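Take a look at the structure below.
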Amino acid sequence: MDSETRPPAAVDSQQARRILQRTSGKTTGPITRLASPSDIGQLIKPFVLLDYAELDLPSPIDARLHPHSGIATLTTLVGGSLHFQDSNGQPRSVMDGGVEWMQAGRGIWHGGSVSSTGTARMYQLWIGLPPPLELSAPSQMFLRPEDVPSDGPAHVLLGSLNGRASPICEPQPITYLHVRLREGENWRYTPPAGHDVLWISLYSGSLDAGEHVSEGELAIFEQSERSVDFVASANCGFVLGSAAHSPFDLVEGYYSVHTNTAALQYGEAEIRRLGAQLCVDGRLAPEQAARVERQMSTMTGHGQ
């Protein structure tokens, strides 16, 4: 993979990789849903869901325990810090530039007390796990900002860039970067061989990527392996994802995404088993377990 910061230069519009689709998502309260498995996630899978949130929580709130299976989630802070409980109920903090990685596999529950220092600005990305991993044992990993490698303006959250590799073992070849550019700065991204999915989500400022992209937009590039030049129109920050387009179906449950109906059923059975144990342990209220059961039962998986 090749990426470099270069003096500002005009981008040849005839060679520019076109933006196929863009969206500002749907905002509910402090959270903006930019992509989900039933819509844009189909275009950019294995990236199947992307949320951007701005949380100002000086006093803790209770985020209900809830489950996942079949996916991995990566949460990264681009401002402030977030304090919460991990899947074992232990207190954790993620600072600006830090990362939480959770590979749900066959099933995991998380939630509990959440607060922030300042306004926590964050992305949560869901990645659909391939068949060998979608029913694997769950795991979690936390990276401090200083543990996230960088190459020029790009911080490597998943995958590698010019030999700088994330400590997280990605479930399949994926590159996920957090990039900050100064006004007028030009940065080129060249995907690894086979990566024909490319998208960016801009959370501050604006830039030119052959076309203008504004703050708050998710821009999806045409399926190709061509490089893209980014020229900052103003100081800006964005996340970038690239990968080979996944050949697997997205079979959705209320909290889960799997590659087939049998795997979804297995994951939801494990979620029920874990929920029953959490009730016995006193960590999960029976009424919340019943609520999750009702939600799972109202949504049947469907291949896309």
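Per the UniProt record's numbering, the very first residue in the sequence shown carries number 1; after that it's consecutive.
The beta carbon of each residue, even a glycine, is placed where N, CA and C say it ideally should be.
All figures in this text were calculated on a predicted structure; none of them were measured in a lab.
Less than 8 Å separating the beta-carbons of Ser69 and Ile271?
In contact: Ser69 and Ile271 (Cβ atoms closer than 8 Å).
What number of angstroms, rounded off, separates the C-alpha of Arg17 from the C-alpha of Val228?
In this structure, the alpha-carbon of Arg17 lies about 6 Å from that of Val228.
In whole angstroms, what separates the C-alpha of Tyr266 from that of Asn260?
Within the model, the alpha-carbon separation for Tyr266 versus Asn260 is close to 10 Å.
Opening and closing residue of the beta strand (DSSP E) in which Tyr176 lies
Tyr176 -> beta strand (DSSP E) spans Ile174 to Leu181.
Between the Cα of Ser297 and those of Leu278, Ala35 and Glu268, spot the shortest distance and give me the residue it belongs to.
For the residues Leu278, Ala35 and Glu268, the minimum Cα distance to Ser297 belongs to Glu268.
CA-CA distance, Gln15 and Phe47?
Looking at the backbone, the Cα of Gln15 and that of Phe47 are separated by about 26 Å.
Going by C-alpha distance, which of Glu54, Ser139 and Glu185 is nearest Gln124?
Of the residues Glu54, Ser139 and Glu185, the one whose Cα lies closest to the Cα of Gln124 is Glu54.
Closer than 6 Å by C-beta to Arg226: which residues in its own chain qualify, once you throw out the five before and the five after it? Chain order, please.
Hits under 6 Å: Arg17.
Just confirm the distance between the C-beta atoms of Pro173 and Ala72, as a whole number of angstroms; I'd bet it's less than 8 Å.
Incorrect: roughly 14 Å between the Cβ atoms, too far for contact.
For the candidate residues Glu293, Asn88, Ala285 and Ser160, whose alpha-carbon lies nearest to that of Thr190?
The residue with the shortest Cα to Cα distance from Thr190 is Ser160.
Does DSSP put Arg18 in a helix, a strand or coil?
Coil.
Can you name, in chain order, every residue of its own chain whose Cβ lies under 6 Å from the Cβ of Ser36, other than the five neighbours on each side?
Excluding residues within five positions, the ones whose Cβ falls inside 6 Å are Leu49.
When DSSP builds the beta bridges, which residues end up paired with Tyr266?
Answer by DSSP bridge pairing: none, since Tyr266 is not bridged.
Considering only C-alpha positions, which residue in the set Ile168, Gly194 and Ala154 is nearest to Arg182?
The residue among Ile168, Gly194 and Ala154 with its C-alpha nearest the C-alpha of Arg182 is Ala154.
Cβ neighbour criterion (16 or more within 10 Å) applied to Lys45
Flag for Lys45 reads buried.
Nearest-angstrom Cα distance between Ala285 and Gly152?
Rounded to the nearest angstrom, the two C-alpha atoms are 48 Å apart.
Spatial neighbours of Glu222 in its chain, beta-carbon cut-off 8 Å, leaving aside the 5 residues before and after
Excluding positions up to five away in sequence, the list reads Arg17, Arg18, Ile19 and Leu20.
My parser needs the alpha helix (DSSP H) runs of 4 or more residues fully inside the region 173-246; what are they?
Within the region 173-246, there are no complete alpha helix (DSSP H) runs of at least 4 residues.
By the three-class DSSP mapping on this structure, what secondary structure does Pro145 have?
Here Pro145 sits in helix by DSSP.
So does the region 80-96 actually touch the region 238-252, counting three or more Cβ pairs closer than 8 Å?
Taking 8 Å as the limit for Cβ pairs, the verdict is that the region 238-252 does not touch the region 80-96.
Here's a check: name, in chain order, each residue in its chain whose Cβ is nearer than 7 Å to the Cβ of Pro149, leaving out the five neighbours to either side.
The residues Val156, Arg164, Ala165 and Ser166, in chain order, have a CB closer than 7 Å to that of Pro149 in the same chain once the five nearest residues on each side in sequence are set aside.
Boundaries (first-last residue) of the alpha helix (DSSP H) holding Gly118:
Gly118 -> not in any alpha helix (DSSP H); beta strand (DSSP E) instead, spanning Ile108 to Gly128.
What does Arg283 pair with, by DSSP beta-bridge criteria?
BP columns for Arg283 are empty, so no partner.
By Cβ distance below 8 Å, which residues in the same chain neighbour Glu217 in space, the five residues on each side in sequence not counted?
Short of 8 Å from the beta carbon of Glu217, and not among the five residues preceding or following it, lie these beta carbons of its own chain, in chain order: Arg22, Thr23, Ser24, Ser201 and Leu202.
Cutoff 8 Å: Glu252 Cβ touching any chain D Cβ
Note that chain D does not occur in the displayed structure, where there is just one protein chain.
Would Ser93 and Asp56 be called neighbours here (beta carbons separated by less than 8 Å)?
Against a cut-off of 8 Å, the Cβ pair of Asp56 and Ser93 comes out as no contact.
Minimum C-alpha distance to Leu207 - residue among Leu135, Ser224 and Phe238:
Of the listed residues, the one whose Cα sits closest to Leu207 is Phe238.
By the three-class DSSP mapping on this structure, what secondary structure does Gly79 have?
DSSP places Gly79 in strand when its eight states are reduced to three.
Length of the line joining the Cα atoms of Asp62 and Pro30
Here the alpha carbon of Asp62 sits roughly 15 Å from the alpha carbon of Pro30.
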